[in-house]
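J.: Provided herewith is a single structure, encoded as C-alpha cells, for subsequent inquiry.
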Amino acid sequence: MRAVSDLILRIAVPSPLDRTFDYLPPPGCDLATLQPGLRVRVPFGRRHVVGFLLELGTDTTLNPTALRPAQAVLDTEAVLPADVLALLRWAQRYYHHPPGEVFATALPTLLRQGESTELPAPAPLWQITASGRAALATGPSRAPAQKLLLDYLARCPDGADADTLRAVVRDSTATLRALRAKNWAEPLARPAAILAETACAPRPPPALNAAQAAAVTSVTAELDRFQVFLLEGVTGSGKTEVYLRLIEAVLARDRQALVLTPEIGLTPQLLARFRERLPGPLAVLHSGLSDRERLNAWLLARAGIARVVVGTRSAVFAPLRAPGILIVDEEHDPSFKQQDSFRYHARDLAVVRGRQLGIPVVLGSATPALESRHNAERGRYRLLQLPERVGGGAEAPIEILDVRRQPMAEGLSRPLLERMRIHLARNEQVLLFLNRRGFAPILLCHECGWLSQCRHCDARMTLHLRQRRLICHHCGDSQPVDAACPLCGSVDLRAIGHGTERLEAALRREFPETDLTRMDRDSTRRRGSLEALLADIHNGGRRILIGTQMLAKGHHFPEVTLVGIVDADQGLYGIDFRAGERMAQLVLQVAGRAGRAEKPGVVIIQTHHPDHPLLHVLVSQGYPAFATAALAERQSAWLPPFAHQALLRAEAAEPGRATTFLRAARTLADPYADGIELLGPAPAPMERRAGRFRAHLLLQAARRQDLHRFLESWIARLRAEHADRRVRWSLDIDPAELF
Ligand code: ADP
Ligand code: ZN
Ligand code: ZN
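The UniProt record's numbering puts the first residue of the sequence shown at 1, with every later residue one more than the last.
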C-alpha cells in the first residue's frame, strides 16, 4: 500500500536488517531544521535507539497510521559532513550491506549512544622543568618512554597538551605521571585558549632528492582534482618525507590531510615524526583509544582544528572540514580490509572518497598490491617511483638457501647458523622472521597419535610453553597442557613444528652468550613493553631479534646486517591465491627493516622449493618484476584483478546446513546469471571454526558492473526468501581471503 503523508523520516537504525525505517517527525519539531545527517532517537521494537536520518521523503510503503513518531532530534546540524554521507551511501550499495551497520562504522561509539557533539575543553599544557632538562642532559634512567617524552617537551617552549603527547608515546598518561612525580615535567598554570596555539616549532625539512622532488611536484600540480598516485619506493626511499611535503602543501592552502596506516604501522615513531614537522594539533584515530579519546579526536577533525588526521582503517570515514588530500601508507597491507560484519576495504574507499571530493589520493608502498600495480599499468593510477634508498646504499641482496636434505636444528639449517655466527662475531645484529607465534603448532602423542585438536575448530591448538597452555589461534579457546596424553596416558608428548617461542629457546641454547629479543603479540602484550624492547634493540651491540610480522612494519633496525626468513614455504603453497603475493611483500618488508647505507644487510630465505619460479623472479629481479610475473599468472588463471569476486559465506551449528542454504541460494540465482560464474558451494578451507560449520559460494565476473547488477537482485531475493534462521550468512565483496 502506498500513501502520501506530510514528511517521512527515513532512518538507519542499528539493526542487521537491510533497510531503513520510516518515522514521522517528533511532535512539535521545526520541520525546516530537518536534514540528512542528523541523529534521531526513535522507538524500535520495545527499545529506544539512536538512529541516523538518511533521507526525507513524502511517501511510505507502510500504512501511514502505523507510522510511529520519532522521539527527539539530537542535533542541530548534520553529524557527518555531506561527503562522508555520500561515501557511506556508496559503500552501502557497493558492499550490499545493511545501512544501520554501515553508518555505525562511521560514528564513534559515544555518538551512537547519543552523546553531544560539543568540542572538548582545551587540555592543560605540559612543560619540562629545569630538573627535567638536567635529567635529559645526563640521559634519564632506563625508561625509554620517559626519555622520548622529555625529549619532545624540551622542544616545546610553550608546552604541549595531553593529546599531542599521546602521539609521542603510547602510554603518555602514565609516563606524564612518572615525570611529574620526579618533578621533570609540570602542567602549565595557564591552559591554552585554543588548541591551535599549542603547536611546537616544526623541525626544518631535509632537501629532497631528485626522485622525491619529482613525486612531490607531480602531486602538488594536481591538488585541485581527483587523481590517484601510486608511490612505489623501497623502505627508506623517503616516501614518508614525500607525504610530509604534500601535507605541508595542503596545509598551506588551508586544507586538511587524512593519512591512513595499518594498525601495526601507527607507531609512536611515525607520530613523533609527524608532530615534529607539522604545525597544529594532530588527531589520531585507532583502536587503542578510549571512547572519549576517540570522540575528541573525531570532533577536532570535524571542526577543522586538527589539520592532520592519522588513523587506521575506519579513519577513512573521519569527518573533515576542508579535505585536501588522502594518503594511504603501506597500501598493500591486508589490515585495510575489515574481515567481519561490514567488510569494506579502506584503501578502496579512500579512492572513492577522493573521487567524490575531487582531491588527490596517494597510495604508498614498497610492495604495492597487485590490484594497485595493475591499475597503474592500465593508466588509471599514476605511478611515481622512488628507486633508491635515501643517501644511496644498495638494497639488501636476497639469497635462496636450499634446505632440502639438510640437517635442521629446530627449523634452522647449518649454513644459516654459520652465517649468523659470522655476523654476531662482528658485533652486528641478526633478525630472524617466522610468522608463527607460540612454541609449536602441534602437540602429538608419540604413543597413540593423539593431536592437540581444538574442540571448536578444524585446527590444532598451538603449544605455548611459557604459559603452559594449548591455545587455538582461531577461536581463542585454551586449556592447560597435561603431562600425559588425554587418550592413552603416555607421557611421550612431542611438539611438532616451530613457532617463535621455540626458535627463541633453540637460539638461547645455540648462542648462550648473545642477547636475544622476541617480538610478537605474546611478548608485547603489556603496554610500554614494545617501546622498551625497541629501545633495547637500538642500543646496538650483537643481538638476535626474532619476530612475527610485527617486526616487518614501522620499525627500522639499522644495526641488523643479516635477515633470515626461517620458513618461506608456508607462503609459496598457501591455499589462498594471494599467498605468493603476501609472501613476497613480507620478505621485502622484513628485508627493508635492516641495515643502512654504509652497512647494508643480507637476506637469506630458507626453503624446500628453491626452484619456485616466482621466488626466483623476486630474488633476482625485485618486486616490480615479481608483480608483473604474478599478474600474468593471475590473468591466465582468470583471478583478480582480472576477474571480480564476491563470496557468499554461510555458517551453522549443524554440519550440512550451511551447504544446503548455499545450494538453495544458487538455484535462486540461475535465471539472473548473465556474465556471472558461480563456483560451489564448497566447505570453507577451515570448515569448522568456533564450533560452527562454514561453507561458501564464490561468484566471479569479468566486469564489475555485471557482478553488482546481479548481486542487487539476487541478494534482495535471498533476504526475502531465506527462512532458515539457523544459518548465518554474509556477503564479502572483493574477498581478501577465503577462510
Ligand atoms: P620511507 O617512508 O620510504 O621508508 P622515509 O621517508 O622514512 O622513507 O626516509 C628514510 C630516512 O631518510 C628517514 O630517516 C628520513 O628522515 C630520511 N630522509 C628522507 N628524505 C630525505 C632527504 N631528502 N634527505 C635526507 N634525509 C632524508
Ligand atoms: Zn596417546
Ligand atoms: Zn578453535
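The beta carbon of each residue, even a glycine, is placed where N, CA and C say it ideally should be.
1) According to DSSP, is residue 697 helix, strand or coil?
2) Starting from the N-terminal end, write out each residue whose C-beta falls within a distance shorter than 6 angstroms of any non-hydrogen atom of ligand 2.
3) Can you find a heavy atom of ligand 1 that lies under 7 angstroms from the Cβ of residue 598?
4) Using only CA atoms, which one of 628, 683, 572 and 300 lies nearest to residue 612?
5) Taking residue 321 and residue 251 to be in contact with their CB atoms under 8 angstroms, please state how far apart those CB atoms are, rounded to whole angstroms.
6) Going residue by residue through the segment 423-480, where are the continuous beta strand (DSSP E) segments of at least 3 residues, counting only ones entirely within it?
7) Considering only residues of the same chain and omitting the five flanking positions on each side of residue 84, which have a CB-CB separation below 7 angstroms?
8) Per DSSP, what are the beta-bridge partners of residue 381 in this structure?
9) Using the three-state DSSP reduction, which class does residue 58 fall into: helix, strand or coil?
10) Got a sec, what are the start and stop residues for the alpha helix (DSSP H) residue 276 sits in?
11) Is the CB-CB distance between residue 238 and residue 209 below 8 angstroms?
12) Can the beta-carbon of residue 99 be found closer than 8 angstroms to that of residue 12?
13) How many angstroms separate the CA atom of residue 314 from the CA atom of residue 457?
14) Looking at the unbroken alpha helix (DSSP H) that takes in residue 684, where does it start and where does it end?
15) Please report the straight-line C-alpha distance between residue 195 and residue 126, rounded to a whole angstrom.
16) Write down every uninterrupted run of the alpha helix (DSSP H) in the segment 500-561 whose length is 4 residues or greater and which is fully enclosed by it, in chain order.
17) Identify the residues that DSSP records as bridge partners of residue 120: which are they?
18) Determine the extent of the alpha helix (DSSP H) in which residue 613 is found, giving its start and end residues.
19) Start and end of the alpha helix (DSSP H) containing residue 144?
20) Would the C-beta of residue 59 count as close to ligand 3, meaning under 7 angstroms from any of its heavy atoms?
21) Tell me where the beta strand (DSSP E) around residue 730 begins and ends.
22) Can residue 153 be considered in contact with ligand 4, in the sense that its beta carbon sits closer than 7 angstroms to one or more heavy atoms?
23) Starting from residue 408, follow its DSSP beta bridges and name the residues at the other end.
24) May I ask whether a heavy atom of ligand 1 can be found less than 7 angstroms away from the beta carbon of residue 212?
25) By Cβ distance, which residues of its chain are closer than 8 angstroms to residue 742, with the 5 residues on each side in sequence left out?
26) According to DSSP, is residue 48 part of a helix, a strand, or is it coil?
27) How should residue 309 be labelled, buried or exposed, when 16 other C-beta atoms within 10 angstroms of its C-beta is the threshold for buried?
28) Using 7 angstroms as the cut-off, classify the Cβ of residue 237 as near or not near the heavy atoms of ligand 1, replying yes or no.
29) So what's residue 740 in DSSP terms, helix, strand or just coil?
30) Return the Cβ separation of residue 701 and residue 675 in integer angstroms, given the expectation that the two are a contact with Cβ distance under 8 angstroms.
31) Mark residue 198 as exposed unless 16 or more other C-beta atoms lie within 10 angstroms of its C-beta, in which case mark it buried.
32) Any heavy atom of ligand 3 within a distance shorter than 7 angstroms of the CB on residue 464?
33) Roughly how many angstroms separate the alpha carbons of residue 707 and residue 699, rounded to a whole number?
34) Spatial neighbours of residue 374 within its chain, please: CB distance less than 7 angstroms, with the 5 preceding and 5 following residues excluded, ordered by chain position.
35) Are the beta-carbon atoms belonging to residue 370 and residue 627 less than 8 angstroms from one another?
36) For the candidate residues 695, 646 and 684, whose alpha-carbon lies nearest to that of residue 714?
T.: Put simply:
1) strand
2) 445, 447, 448, 450, 485, 487, 488 and 490
3) no
4) 572
5) Not confirmed; about 13 angstroms, so no contact.
6) If we require 3 residues or more, the beta strand (DSSP E) runs fully inside the segment 423-480 come out as 429-433, 442-445, 462-464, 469-471 and 478-480.
7) Take residue 84, set aside five residues on each side of it, and the residues of its chain with a beta-carbon closer than 7 angstroms to its own are 106, 317 and 319, in chain order.
8) 228
9) strand
10) 268-277
11) yes
12) yes
13) 29 angstroms
14) For residue 684, there is no enclosing alpha helix (DSSP H); the enclosing beta strand (DSSP E) covers residues 676-689.
15) Any reading at residue 195 must be qualified, since the residue scores a pLDDT of 41, below 50, and its modelled position is unreliable; no value is offered.
16) DSSP runs (the alpha helix (DSSP H)) wholly in the segment 500-561: 500-510 and 529-538.
17) Answer by DSSP bridge pairing: none, since residue 120 is not bridged.
18) 613-621
19) 144-154
20) no
21) 728-733
22) This structure lacks ligand 4; the ligands present are ligand 1, ligand 2 and ligand 3.
23) The partner list for residue 408 (beta bridge, DSSP) reads 413.
24) yes
25) Because the chain here runs from 1 to 739, residue 742 falls outside it and cannot be looked at.
26) strand
27) buried
28) yes
29) In the structure displayed, the chain extends from 1 to 739; residue 740 sits before or after that span and is not available.
30) 5 angstroms
31) Since pLDDT at residue 198 reaches only 44, below the 50 mark, its modelled position is unreliable, and no value is offered.
32) Distance from the C-beta of residue 464 to the nearest heavy atom of ligand 3 is not below 7 angstroms.
33) 8 angstroms
34) Here residue 374 has 631 and 641 as same chain residues with Cβ atoms under 7 angstroms from its own Cβ, once five neighbours each way along the sequence are excluded.
35) Less than 8 angstroms separates the beta-carbon of residue 370 from that of residue 627.
36) 646
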